[in-house]
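So for the sequence shown, the working numbering puts the first residue at 1176; every next one is plus one.
Ideal Cβ positions, reconstructed from N, Cα and C, are used throughout, including at glycine.
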Amino acid sequence: MDSFQKEIDERTNLTSSNKFELLLFRLGTPDGSTDKPGELYGINVFKIREIVPMMDITAAAGMRSPMMGMVNIRGQVMSVVDLPAVAGCKAGLGMNILLITEFARHTQAFAVESVEEIVRLDWSQVLPAEAHSPGSLVTSIARLDSASDGGRLVQVLDVEHILNLVSPVKQEPQSPPAGGSELKLKPGSVVLAADDSRMARALIEQCLKDLNLPYIMTTDGLQAWKKLQELARAAEQEGKPLTDKVAMVLTDLEMPEMDGFTLTRKIKASEHYKQLPVVIHSSLTGSANEDHVRSVGANGYVAKFSPPELAAMLRKVLPP
1176 MDSFQKEIDE
1186 RTNLTSSNKF
1196 ELLLFRLGTP
1206 DGSTDKPGEL
1216 YGINVFKIRE
1226 IVPMMDITAA
1236 AGMRSPMMGM
1246 VNIRGQVMSV
1256 VDLPAVAGCK
1266 AGLGMNILLI
1276 TEFARHTQAF
1286 AVESVEEIVR
1296 LDWSQVLPAE
1306 AHSPGSLVTS
1316 IARLDSASDG
1326 GRLVQVLDVE
1336 HILNLVSPVK
1346 QEPQSPPAGG
1356 SELKLKPGSV
1366 VLAADDSRMA
1376 RALIEQCLKD
1386 LNLPYIMTTD
1396 GLQAWKKLQE
1406 LARAAEQEGK
1416 PLTDKVAMVL
1426 TDLEMPEMDG
1436 FTLTRKIKAS
1446 EHYKQLPVVI
1456 HSSLTGSANE
1466 DHVRSVGANG
1476 YVAKFSPPEL
1486 AAMLRKVLPP
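So, in structure tokens, the structure goes:
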């Protein structure tokens, strides 16, 4: 038990140095051939609850691909998603592994062909996918730069977007509640937001529009940090406080170039920026993750994706 807790602590402490661990797995090939390995894909280890061998799957009546059915793991029933089918692959060697994932307060299993290894990376090794890959299922590209691996590239899947696409229960996005105090920022001030997921950005933007809050949207922590510095310089040149330009920062955690932990820590460590409220909006749920979020100095935490909860948090942290 002590060694298990030590491993968890070590993994959690990686966030203090802009590092994380990525689980690498394969989904097969486009035609199902086995003459060469399929492409490598990755998922943040923080989202993996456990990895189990393939087991009997109960197919629900009317369930269609890529949903495979349901499994019962120690009394918890969860849906199983055919991840190769989602990615346009065929598992020529069979689907042998279930990745049990937990994020956005939901638990589900993804079937994959094989699991390779866990690698430790710096977020600077992860590039936004929008500039390098047209596929909306990929949120970023990780470079494995060690001399021994031949410079492999790993596609990091946008699992939240995938789950939203394949879930058999479709829910219309909720709008923030109409009641409550009206939020009014200083003229010229904005909410500075950062998220690398297309789906998340769309939901955040809609929520901010519903609340009549002006915003600037960025796609990773480094971009948000540079924009914050730019706005701070503009405020200084105009002889204004920073809050006349930025009312608060709303950030995801998992982002290429610079993660949300590092962004929050840099803001709170700066004499110029530390007064800004920072709210973390993340799918990395669970008590351990949420406690760690608060330890880096964030003013609030909201689990994806609930516009009413996000709106309530914004009302709580924004100045009246």
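Residues bridged to residue i [DSSP beta-bridge criterion]
i	result
E1196	R1295
S1457	A1478
Y1390	V1366
V1331	G1217 and S1315
V1153	Lying outside 1176 to 1495, the shown extent of the chain, residue 1153 is not represented and no answer is given.
Residue environment, residue i, which counts as buried when at least 16 other CB atoms sit within 10 Å
i	result
L1328	exposed
G1217	buried
N1193	buried
L1260	Reading the sequence as shown, one finds Ala at residue 1260 and not Leu. The residue is buried, with at least 16 neighbouring Cβ atoms inside 10 Å.
A1399	buried
Q1300	buried
H1456	buried
A1234	exposed
P1482	buried
P1452	buried
T1209	exposed
E1347	Confidence at E1347 is low in this model, with a pLDDT of 44, below 50, so the placement of that residue is unreliable and no value is reported for it.
N1387	exposed
E1231	In the sequence under discussion, the amino acid at residue 1231 is Asp, which differs from the Glu named in the question. By the 10 Å Cβ count, D1231 comes out exposed.
R1440	buried
P1343	Note that P1343 scores a pLDDT of 41, beneath 50, so its modelled location is shaky; the value from the coordinates is reported in the next line. Exposed is the call here.
E1158	Outside the modelled stretch of the chain, which goes from 1176 to 1495, sits residue 1158, for which no answer is possible.
Q1330	buried
P1362	exposed
P1309	Note that P1309 has pLDDT 48, beneath the 50 cutoff, so the model's placement of it is unreliable and the number below is only indicative. Classification for P1309: exposed.
G1207	exposed
I1316	buried
E1446	exposed
K1384	exposed
G1250	exposed
N1219	buried
Residue range of the beta strand (DSSP E) that includes residue i
i	result
H1281	H1281 to V1287
A1317	V1313 to L1319
T1426	V1421 to T1426
Q1381	Element bounds for Q1381: not the beta strand (DSSP E) but the alpha helix (DSSP H), R1373 to D1385.
Proximity test, residue i beta-carbon vs the ligand ATP heavy atom, cut-off 6 Å
i	result
M1243	This structure does not include the ligand ATP; it has no bound ligands of any sort.
Residue range of the unbroken alpha helix (DSSP H) whose run includes residue i
i	result
V1301	Run containing V1301: none in the alpha helix (DSSP H); it sits in the beta strand (DSSP E), V1301 to P1303.
V1334	V1334 to V1341
L1406	G1396 to Q1412
K1359	Here K1359 belongs to no alpha helix (DSSP H), and DSSP marks it neither H nor E.
Q1444	One point to set straight first is that residue 1444 is Ala, not Gln, in the sequence displayed. First-last of the alpha helix (DSSP H) with A1444: G1435 to A1444.
Anticipated Cβ contact below 8 Å, residue i with residue j, distance rounded
i	j	result
I1424	L1367	Strictly speaking, residue 1424 in this sequence is Val, with Ile absent from that position. Yes, V1424 and L1367 are in contact; Cβ-Cβ is about 5 Å, under 8 Å.
L1312	L1332	6 Å
P1205	N1271	Going by Cβ atoms, the distance from P1205 to N1271 rounds to 19 Å, so no, they are not a contact pair.
K1420	L1406	4 Å
T1276	R1239	Actually they are not in contact, since the Cβ atoms of T1276 and R1239 sit about 21 Å apart, beyond 8 Å.
H1336	R1373	7 Å
L1202	G1213	6 Å
V1341	V1252	Actually they are not in contact, since the Cβ atoms of V1341 and V1252 sit about 17 Å apart, beyond 8 Å.
L1268	V1287	Actually they do not touch by this definition, with Cβ atoms about 11 Å apart.
I1371	T1314	In the sequence as displayed, the identity of residue 1371 is Asp instead of Ile. D1371 to T1314, Cβ: 5 Å. Contact.
*Could you tell me which uninterrupted beta strand (DSSP E) segments, each at least 3 residues in length, are contained entirely in the segment 1196–1276, listed from first to last along the chain?*
1215–1219, 1223–1228, 1242–1248 and 1251–1257
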